[in-house]
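S.K.: Provided herewith is a single structure, encoded as structure tokens, for subsequent inquiry.
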Amino acid sequence: MREKPCPVSPDASEHRMLRALVDEGIRSTAPYVAPPFVRFVAQFHGWQVTVQSRTGLCGVSRVVSVHAPDHGLWQRVHIGSQDGLCNGGLLCR
265 MREKPCPVSP DASEHRMLRA LVDEGIRSTA PYVAPPFVRF VAQFHGWQVT VQSRTGLCGV
325 SRVVSVHAPD HGLWQRVHIG SQDGLCNGGL LCR
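Going by the working numbering, the first residue of the sequence shown is number 265, and it counts up by one from there.
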């Protein structure tokens with residue numbers, strides 16, 4: 265079952281802040297400072313950013329999710345160990 269597209273988008277200032285929160289979440293869950301499973305959660309104007317990092321035998325994988333206020337999931341990106349600290353194209357619009 266496919267998820268419905270989110271009917272809302274962040275304005276320019278929310279977009280900048282969400283990008284900063286995604287970057288901060290990725291940095292704070294970096295493998296050299298993180299235990300095997302780490303979760304970073306932040307909120308801004310009702311938007312919620314979640315970064316989950318898991319370290320295993322195959323390297324580090326992260327899931328970055330952005331939820332819109334009152335509308336559920338806006339974007340989700342899976343970042344593998346080969347992607348390093350880039351944000352995988354999330355919030356590039």
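Positions of the beta carbon are idealized from the N, C-alpha and C atoms, including for glycine.
1) Shortest alpha-carbon distance to V330 belongs to which of G310, S277, G344?
2) Ends of the beta strand (DSSP E) at S292?
3) Alpha carbon to alpha carbon, how far is Q312 from V286? Give it in angstroms, no decimals.
4) With DSSP collapsed to three states, give me the class of S273.
5) What's the C-alpha gap between V327 and E278?
6) Determine the burial state of P383: buried for a count of at least 16 other Cβ atoms within 10 Å of its Cβ, exposed for fewer.
7) What separation, rounded to the nearest whole angstrom, lies between the Cα atoms of T314 and A306?
8) Judging by CA-CA distance, which residue of R283, F301, F308, D334 is the nearest neighbour of V324?
9) Rounded to a whole number of angstroms, what is the C-alpha to C-alpha distance between F304 and Q339?
M.R.: According to the data block:
1) When each option's Cα is compared against that of V330, the closest is G310.
2) Not the beta strand (DSSP E): S292 falls in the alpha helix (DSSP H), residues 276 to 292.
3) Using only the alpha carbons, I get a separation of about 10 angstroms.
4) Correct three-state label for S273: coil.
5) The straight-line gap separating the alpha-carbon atoms of V327 and E278 is approximately 21 angstroms.
6) This structure does not reach residue 383, given that the chain is present from 265 up to 357, and the question cannot be answered.
7) Looking at the two C-alpha atoms, the distance is approximately 7 angstroms.
8) When each option's Cα is compared against that of V324, the closest is F301.
9) Approximately 16 angstroms, taken between the alpha carbons.
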